[in-house]
Every structure is written in structure tokens, then in C-alpha cells.
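Going letter by letter, the sequence shown gives residues 1 to 336 in this note's numbering.
Notes for the one structure printed next.
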Amino acid sequence: MGEIILGGYVDRTINVYLDPTQLSRNEIAVDDIVNTLKEQNLEVPSGRLENRTNEISLRAVGEVPTAEQFGNIFLNSRSGSPLFRSIRLKDISIVEDGLGEVRRISRFNGISAVAIGIKKLKGANAVQVGNLVKDKVKELKPKLPKGYDLTISNDNTGYIRDSVNELEFTLIFSAILTGFVCRLFLGNWKSTGNVLLAIPTSVIGTFLFLYFAGFTINTFTMLGLSLATGIVVDDAIMVLENITRHREMKKSWFQAALEGATEIRFAALAATLAVVAIFLPVAFMKGIIGRYFLEFGVTISVSVLLSLFEALSFTPMRASLYAENKKRTIRNLSFL
Numbered sequence: 001m002g003e004i005i006l007g008g009y010v011d012r013t014i015n016v017y018l019d020p021t022q023l024s025r026n027e028i029a030v031d032d033i034v035n036t037l038k039e040q041n042l043e044v045p046s047g048r049l050e051n052r053t054n055e056i057s058l059r060a061v062g063e064v065p066t067a068e069q070f071g072n073i074f075l076n077s078r079s080g081s082p083l084f085r086s087i088r089l090k091d092i093s094i095v096e097d098g099l100g101e102v103r104r105i106s107r108f109n110g111i112s113a114v115a116i117g118i119k120k121l122k123g124a125n126a127v128q129v130g131n132l133v134k135d136k137v138k139e140l141k142p143k144l145p146k147g148y149d150l151t152i153s154n155d156n157t158g159y160i161r162d163s164v165n166e167l168e169f170t171l172i173f174s175a176i177l178t179g180f181v182c183r184l185f186l187g188n189w190k191s192t193g194n195v196l197l198a199i200p201t202s203v204i205g206t207f208l209f210l211y212f213a214g215f216t217i218n219t220f221t222m223l224g225l226s227l228a229t230g231i232v233v234d235d236a237i238m239v240l241e242n243i244t245r246h247r248e249m250k251k252s253w254f255q256a257a258l259e260g261a262t263e264i265r266f267a268a269l270a271a272t273l274a275v276v277a278i279f280l281p282v283a284f285m286k287g288i289i290g291r292y293f294l295e296f297g298v299t300i301s302v303s304v305l306l307s308l309f310e311a312l313s314f315t316p317m318r319a320s321l322y323a324e325n326k327k328r329t330i331r332n333l334s335f336l
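Below, the structure is given as C-alpha cells:
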């Protein structure tokens, strides 16, 4: 968590009511008391501890915790000169616990409440932080005193979850539609399955890259993957079609896979780099738009490059393992 904002919360204070008679009798000014409290009731920051995911602020605790201890503070100066008599704060004032001035109130369903706003650290996963907060709320609810309740009134991560779920559906639907089109034009399930395996290879590899690059799974990365689903099969289709052409030249599957992939590698590389040249510059845009589209451009570029690797390695390998079967025939499509 990066920041916690409180609303309707009244801080505990220690109130000091000065006795004018005692101040006059001991020749002590209000400034003398203020200076003493600044020197003897002080809490200073002492740095911070950081790691990859957390930041812990350190402080040196020097504040007096109770009103009784506060009253036992000795005055050490008077008008800038040392005070040689033992005069405690409670000798010239009344010290008691109290609450700060109420300047802002918070209500929930018409009932007075304390609002706690939680902000995530920059770069942290908003959904993960939201889940941790919800788990903590469930843990604390049974421990609350009678008459108290702990409720989440607003959760901004709901929109993120809905967006990611919708994009996940789009990604799956894109894969299914791509499979249908490949089956329609490739003519058999073996070739279709070989081509479609480029999708999980590219997607899983892209997720690994995003993890190690410090990117999060968000709207733009999922949108990039959805768009790349129909692109990552292009290289595999190109390579597999050339392998099939060599196979129809009476070569073995192994020889056809080796020669077909080798022959088409530069054409596949050119096609892949053309796609990367379109989307990668988006990652270098400046300003707010550039910050949003950085992950989008990188996601598409990485997935397409991984599809090239898959098409020139795993696709020919799988094709070389095909069992000997009848020559593939392409069905006549009357609408073409």
C-alpha cells in the first residue's frame, strides 16, 4: 500500500490548560513551555527500509504517551536562561487526555463512521492490493466490539476485474475463431492443430516476459494479446504451407520439415519484422499516451517475435513427426 487516507477520524490529543497565577508566580512565559515541549516531546523520522515490493518508514519514538507522563516533564529554561528549580508542567497547568478539534465528519448510511482510503504503490497490482484488503476486512470483522462494523463502501478494482474478464473472453474467442478459419483453409485437423499451438506458445512466453519486465496484467496488455492472437499464427501457416509443398514433392516428413522451414525463414522473418515495425514505435510515444501504450506495443511485439521462433522451431518439429498419410487435398470453395 502506498498511502492511507482517514476521514471522520479524530486524533487523540493531550490538552494542557495553563494556570496564569502559577505562571506569574514562577515567572514563566508561554514560550518557555512551548520550547520545552518541542525539545522533550519530539518524534523524528529515522529513514526507511525498502525492498522490491515494500517500503517501511522508520521513526524514533520520543513522544510522551500518557497525560500523566506529559505532566511530569520538567521545564529546563526560563526566558532563555537555565532554570535551576524543579518545576514540572503539572505544577503550572492542568494536563488531561482529550480529542482534537472536529473539522470534518464522515457518515455511512446516515451513521457516523470513520472512512479509510487505501492507495496502492506506483506499479503495484491494484487487484492484488484489493484482494489483500478484502481478506483483512474478513479477518478483522469477527474481532470488532459489539455495535461496530467494517464494510467496503467503494472498490475501484471492480472495473479492472470486469475489463480483464472481458478481455480474457475476447482472447479465447479470438483463438476459437482463428482455429475455425485455419481449419477451413488448411483442410485437415493435424495442420490446424499444429498452427494453433503457436497461440499458447506465444501467449505463455509473453506472460513470462511481462512478469520479468515488471509489467502488470492490465487492459492494455490483454488488449495487445487479443489483437496478437490472429497474428501469431501467420508465421506458422507460412512455414507449414511450405513444408506441405515439399511433402507433396514426395519427400519424407522430416526432410520436408527441414527444407521447408529453412527455405521460408527469411520470408517469415521479414513478415514478422514488418509487424513489429508497426507496433513497437507505439511504445516510444511521449506523454501520458505513451505511458499507457508502452505495454500495448511491447506486448504485441514480443508475442509476434515469439511466434517467429515457434514457427521456425516447434512447428517444423511437430510436422516432422506426422505419420505417413494420404496426400492432403484442398476442398473446393465455391464462394472463392
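Cβ atoms here follow ideal geometry from the backbone N, Cα and C, with glycine treated the same way.
Since this is a predicted model, take the numbers as computed values, not measurements.
Tell me whether residue i is buried or exposed, calling it buried when 16 or more other Cβ atoms sit within 10 Å of its Cβ.
{"i": "M222", "result": "buried"}
{"i": "R103", "result": "exposed"}
{"i": "F266", "result": "exposed"}
{"i": "T206", "result": "buried"}
{"i": "F296", "result": "buried"}
{"i": "F180", "result": "exposed"}
{"i": "F279", "result": "buried"}
{"i": "G130", "result": "buried"}
{"i": "V114", "result": "exposed"}
{"i": "F70", "result": "buried"}
{"i": "T244", "result": "buried"}
{"i": "A213", "result": "exposed"}
{"i": "N242", "result": "buried"}
{"i": "A274", "result": "exposed"}
To the nearest angstrom, how far is it from the Cα of residue i to the Cα of residue j?
{"i": "A228", "j": "G290", "result": "20 Å"}
{"i": "C182", "j": "I172", "result": "15 Å"}
{"i": "T315", "j": "K120", "result": "43 Å"}
{"i": "D162", "j": "T219", "result": "10 Å"}
{"i": "G199", "j": "I4", "result": "For the record, residue 199 in the displayed sequence is Ile; it is not Gly. For I199 and I4, the distance between alpha carbons rounds to 42 Å."}
{"i": "A256", "j": "T157", "result": "52 Å"}
{"i": "Q22", "j": "I92", "result": "5 Å"}
{"i": "D235", "j": "F254", "result": "19 Å"}
{"i": "L305", "j": "S191", "result": "21 Å"}
{"i": "I33", "j": "N76", "result": "9 Å"}
{"i": "V232", "j": "I264", "result": "16 Å"}
{"i": "A311", "j": "V239", "result": "7 Å"}
{"i": "L333", "j": "G193", "result": "For L333, the predicted model reports a pLDDT of 41, less than 50, meaning its position is unreliable and no value from the coordinates is stated."}
{"i": "I73", "j": "D97", "result": "15 Å"}
{"i": "L186", "j": "I176", "result": "15 Å"}
{"i": "D11", "j": "T216", "result": "37 Å"}
{"i": "T66", "j": "I14", "result": "8 Å"}
{"i": "T170", "j": "G230", "result": "12 Å"}
{"i": "S112", "j": "G8", "result": "8 Å"}
{"i": "K138", "j": "P281", "result": "46 Å"}
{"i": "I300", "j": "L225", "result": "6 Å"}
{"i": "D152", "j": "T178", "result": "The sequence as given places Ile at residue 152; Asp does not occur at that position. The alpha-carbon atoms of I152 and T178 are separated by roughly 42 Å."}
{"i": "E101", "j": "K143", "result": "29 Å"}
{"i": "L18", "j": "V95", "result": "9 Å"}
{"i": "H246", "j": "Y292", "result": "45 Å"}
{"i": "L107", "j": "I204", "result": "Looking at the sequence shown, residue 107 is not Leu but Arg. So the alpha carbons of these two residues sit roughly 47 Å apart."}
{"i": "K38", "j": "S57", "result": "22 Å"}
Tell me the DSSP secondary structure of residue i in three-state form.
{"i": "F215", "result": "coil"}
{"i": "R328", "result": "Because R328 sits at a pLDDT of 46, beneath the cut-off of 50, its placement in the model cannot be relied upon, and the point is left open."}
{"i": "N242", "result": "helix"}
{"i": "I172", "result": "helix"}
{"i": "Y17", "result": "strand"}
{"i": "K146", "result": "coil"}
{"i": "I288", "result": "helix"}
{"i": "V102", "result": "coil"}
{"i": "E263", "result": "helix"}
{"i": "E50", "result": "strand"}
{"i": "V164", "result": "helix"}
{"i": "D155", "result": "coil"}
{"i": "S354", "result": "Nothing can be reported for residue 354, as the shown portion of the chain is limited to 1 through 336."}
{"i": "S301", "result": "helix"}
{"i": "V95", "result": "strand"}
{"i": "F335", "result": "Unreliable placement is indicated for F335, whose pLDDT of 35 sits below 50; no coordinate value is reported for it."}
{"i": "R247", "result": "helix"}
{"i": "R85", "result": "coil"}
{"i": "V181", "result": "helix"}
Please confirm whether residue i has its beta-carbon closer than 8 Å to some beta-carbon of chain D.
{"i": "V302", "result": "The structure shown contains no chain D; it is built from a single protein chain."}
Any idea which residues DSSP pairs residue i with across the strands?
{"i": "D31", "result": "Paired residues: none, contrary to the question."}
{"i": "A115", "result": "G7"}
{"i": "F108", "result": "I111"}
{"i": "S57", "result": "R48"}
{"i": "R12", "result": "L99"}
By alpha-carbon positions, which one of the options ends up nearest to residue i?
{"i": "N154", "options": "V133, V30 and V195", "result": "V133"}
{"i": "V276", "options": "T262, V298, E259 and L294", "result": "V298"}
{"i": "P20", "options": "A29, R12, K38 and K251", "result": "A29"}
{"i": "K251", "options": "S24, S320 and T151", "result": "S320"}
{"i": "R48", "options": "A268, R59 and I14", "result": "R59"}
{"i": "E55", "options": "E39, A124, E101 and D31", "result": "A124"}
{"i": "R318", "options": "L197, G7, G8 and N165", "result": "L197"}
{"i": "N35", "options": "L18, R78, L6 and N51", "result": "R78"}
{"i": "Q40", "options": "L89, K122 and D149", "result": "L89"}
{"i": "I118", "options": "V195, F284, L6 and L258", "result": "L6"}
{"i": "N109", "options": "L140, P145 and D149", "result": "D149"}
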